[in-house]
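Undergrad: Just passing along the structure, written as structure tokens.
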Amino acid sequence: MSLDFTYNKYTEIIEAISKSDYEVITIRDYIQLTDRPHKFIIIRHDVDLNPYEQVKFAELENNYGIKTSYYFRYIEKVYKEEIINKVFALGHEIGYHYEVFTKTKGDPVKAIELFSEELKNFTDNWESKTVCPHGGSFVDNTDGYSIKNMIKLIPKIFSGKTIFSKYVNFDLWDKHSFKDFGILGDAYRSIDFSDILYLSDTGRSWDKKYKRLDKVDSLINPKFNIKSTDEILKIIKNHETDKIYLLVHFEQWKDNFKDWILWYIAQIIRRNGKKIIFRKK
Ligand SMILES: [Zn+2]
14 MSLDFTYNKY
24 TEIIEAISKS
34 DYEVITIRDY
44 IQLTDRPHKF
54 IIIRHDVDLN
64 PYEQVKFAEL
74 ENNYGIKTSY
84 YFRYIEKVYK
94 EEIINKVFAL
104 GHEIGYHYEV
114 FTKTKGDPVK
124 AIELFSEELK
134 NFTDNWESKT
144 VCPHGGSFVD
154 NTDGYSIKNM
164 IKLIPKIFSG
174 KTIFSKYVNF
184 DLWDKHSFKD
194 FGILGDAYRS
204 IDFSDILYLS
214 DTGRSWDKKY
224 KRLDKVDSLI
234 NPKFNIKSTD
244 EILKIIKNHE
254 TDKIYLLVHF
264 EQWKDNFKDW
274 ILWYIAQIIR
284 RNGKKIIFRK
294 K
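Add 13 to a position in the sequence shown, counting from 1, and you land on the number used in my numbering.
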């Protein structure tokens, strides 16, 4: 048995896709193409925590001639121009992973100003044409994905306090238009998910019961009940569906066993935080 969520497992996905007759398109392609391929896969990467881990995966994809969409948060830890330049040079799409409602505590005027300001870095440097909302911000610690921060959250979870920010970043588009910012669209809002199988590794699990905001209206998803990457490999190899949208956070995919285990523990804590929130609703 091999571990799931490792570099090798991701290599298997990329290999399977490259051997299949699925066409890989970026979010930008999806929005721009008037005539989309009948069979396609979109691969989106949200860079939430560690930009340095992206490069080897971006190289791997490039070796197989695959172009994907990378969305970087505009926070000090993640927004590293030298890294983003490398990913861009490998032919991938670069986009802005915005969290302006969380950053401005829901102030709609400040949020849109901040959006415009931060976005400019992406459009100026990497010709970005699409954006993507960041989902899982924590109430008092927007970078709280590390094991240390997760442990700090345990007492809160068990006392029933909310650990996630209540602001939904893509609500920004209720009152604004992409066109005003020279962009084509958003990785959630501009996609018609109804005929797409949406697969997300949020919380290091493909299981939909662990997703809080990370859900879409798909008519295809109810036909599948995916628990492991091997099941996704099977779907790709057997062409079990025509359109797939894969969200992969490379922070979840660890090579060394110690990192893998630590991350696993962090995700169990995070999932339990989510379960408590669900119950309270
Ligand atoms: Zn994110």
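Using N, Cα and C, we set each Cβ at its ideal position, and we do this for glycine too. Remember, predicted model here, so these are calculated numbers, not experimental data.
Any heavy atom of ligand 2 within a distance shorter than 7 Å of the CB on residue 214?
TA: This structure lacks ligand 2; the ligands present are ligand 1.
Undergrad: Considering only residues of the same chain and omitting the five flanking positions on each side of residue 231, which have a CB-CB separation below 7 Å?
TA: Within the sequence shown, the letter at position 218 stands for residue 231. Counting only Cβ-Cβ distances below 7 Å, and skipping sequence neighbours, we find 206, 207, 209, 210, 211.
Undergrad: What residue range is occupied by the uninterrupted beta strand (DSSP E) comprising residue 260?
TA: Sequence index remark: in the sequence shown, residue 260 carries index 247 (1-based). Annotation: the continuous beta strand (DSSP E) that includes residue 260 extends over 256-260.
Undergrad: Does at least one heavy atom of ligand 1 sit under 7 Å from the Cβ of residue 108?
TA: Against the sequence shown, residue 108 aligns to sequence position 95. Every heavy atom of ligand 1 is 7 Å or more from the Cβ of residue 108, so no.
Undergrad: Answer with buried or exposed for residue 47, where buried requires no fewer than 16 other C-beta atoms within 10 angstroms of its C-beta.
TA: Within the sequence shown, the letter at position 34 stands for residue 47. When all chains shown are included, residue 47 counts as exposed.
Undergrad: Short check: CB of residue 217 to CB of residue 147, under 8 Å?
TA: For the purposes of this step, residue 217 is identified with residue 204 of the sequence shown, where counting begins at 1. For the purposes of this step, residue 147 is identified with residue 134 of the sequence shown, where counting begins at 1. Cβ distance not < 8 Å, so residue 217 and residue 147 don't count as in contact.
Undergrad: Taking all protein chains shown into account, decide if residue 268 is buried (16 or more other Cβ within 10 angstroms of its Cβ) or exposed.
TA: In the sequence shown, counting from the first residue as 1, residue 268 sits at position 255. Exposed, since its Cβ has fewer than 16 Cβ neighbours within 10 Å.
Undergrad: Could you compute how far the alpha carbon of residue 190 sits from the alpha carbon of residue 110?
TA: Position 177 of the sequence shown, counting from 1, holds the residue named residue 190. Position 97 of the sequence shown, counting from 1, holds the residue named residue 110. So the alpha carbons of these two residues sit roughly 17 Å apart.
Undergrad: Taking C-alpha atoms, which residue in 117, 102, 113, 127 lies nearest to residue 138?
TA: Working through the sequence shown from its first residue, we reach residue 138 at position 125. Minimum Cα distance to residue 138 is reached at 102.
Undergrad: Applying the 10 Å Cβ sphere with the 16-neighbour rule, what's the burial state of residue 240?
TA: In the sequence shown, counting from the first residue as 1, residue 240 sits at position 227. Classification for residue 240: exposed.
Undergrad: According to DSSP, is residue 100 part of a helix, a strand, or is it coil?
TA: Along the sequence shown, one-based indexing puts residue 100 at 87. Helix.
Undergrad: When you compare only the Cα positions, how much space is there between residue 299 and residue 271?
TA: Because residue 299 is not part of the residues shown, which for the chain are 14 to 294, the question remains open.
Undergrad: I'd like the list of long-range same chain contacts for residue 39, defined as Cβ closer than 6 Å, with 5 residues on each side in sequence excluded.
TA: Counted from its first residue, the sequence shown places residue 39 at position 26. Hits under 6 Å: 80, 82, 106.
Undergrad: Among the residues of its own chain, which have a CB less than 7 Å from the CB of residue 198, if the five just before and after it don't count?
TA: Along the sequence shown, one-based indexing puts residue 198 at 185. Answer for residue 198: 44, 143, 191, listed in chain order.
Undergrad: What are the boundary residues of the alpha helix (DSSP H) that includes residue 129?
TA: For the purposes of this step, residue 129 is taken as residue 116 along the sequence shown, with counting starting at 1. Boundaries of the alpha helix (DSSP H) harbouring residue 129: 121-139, taken from the DSSP string.
Undergrad: What is the C-beta distance between residue 73 and residue 115, in whole angstroms, given that I count them as a contact (C-beta under 8 Å)?
TA: Numbered from 1 along the sequence shown, position 60 holds the residue referred to as residue 73. Numbered from 1 along the sequence shown, position 102 holds the residue referred to as residue 115. That pair is no contact at about 31 Å.
Undergrad: Quick check on DSSP: helix, strand or coil for residue 73?
TA: Here residue 73 corresponds to residue number 60 of the sequence shown, with the count starting at 1. Helix, per DSSP.
Undergrad: Label residue 252 either buried or exposed according to how many other C-beta atoms from any shown protein chain fall within 10 Å of its C-beta, with 16 as the threshold for buried.
TA: Counting from one through the sequence shown, the residue named residue 252 turns up at place 239. Residue 252 should be labelled exposed.
Undergrad: Within its chain, find whatever has a CB closer than 6 Å to the CB of residue 261; leave out the 5 residues flanking it on each side and keep chain order.
TA: On the sequence shown, residue 261 is found 248 positions in, with the first residue counted as 1. Once the five neighbours on either side are set aside, the close Cβ partners of residue 261 are 58, 214.
Undergrad: I believe residue 374 touches residue 64 by the beta-carbon criterion, under 8 Å. Please report the beta-carbon distance rounded to the nearest angstrom.
TA: No statement about residue 374 is possible, as the shown extent of the chain runs from 14 to 294 and does not include it.
Undergrad: Can you tell me which of the three DSSP states residue 85 falls into?
TA: The residue labelled residue 85 in the question sits at position 72 within the sequence shown. Three-state result, residue 85: strand.
Undergrad: Please go through the segment 226-286 and give each complete alpha helix (DSSP H) segment of 4 or more residues, from N-terminal end onward.
TA: 242-250
Undergrad: Does the distance between the C-beta of residue 195 and the nearest non-hydrogen atom of ligand 1 fall short of 7 Å?
TA: The count along the sequence shown starts at 1 and reaches residue 195 at position 182. No, the beta carbon of residue 195 sits no closer than 7 Å to any heavy atom of ligand 1.
Undergrad: So for residue 113, helix, strand or coil by DSSP?
TA: Reading the sequence shown from its first residue, position 100 is the one you call residue 113. Here residue 113 sits in helix by DSSP.
Undergrad: Three-state secondary structure (DSSP) at residue 50?
TA: Sequence index remark: in the sequence shown, residue 50 carries index 37 (1-based). DSSP places residue 50 in coil when its eight states are reduced to three.
Undergrad: Alpha carbon to alpha carbon, how far is residue 29 from residue 242?
TA: In the sequence shown, residue 29 corresponds to position 16, counting from 1. In the sequence shown, residue 242 corresponds to position 229, counting from 1. If I take the Cα positions, the gap works out to 12 Å.
Undergrad: Got a sec? Which residues, its chain only, sit under 8 Å from residue 273 by beta carbon, not counting five neighbours each side?
TA: As a working note, residue 273 is residue 260 in the sequence shown. Excluding sequence neighbours, residue 273 sits near 16, 18, 19, 267.
Undergrad: Residue 100: which of 68, 62, 195 sits nearest, CA to CA?
TA: Taking the first residue of the sequence shown as 1, we reach residue 100 at position 87. Considering only alpha carbons, the answer is 68.
Undergrad: Hey, would you say residue 54 sits closer than 8 Å to residue 259, going by beta carbons?
TA: The residue labelled residue 54 in the question sits at position 41 within the sequence shown. The residue labelled residue 259 in the question sits at position 246 within the sequence shown. Yes, Cβ-Cβ distance for residue 54 and residue 259 is below 8 Å.
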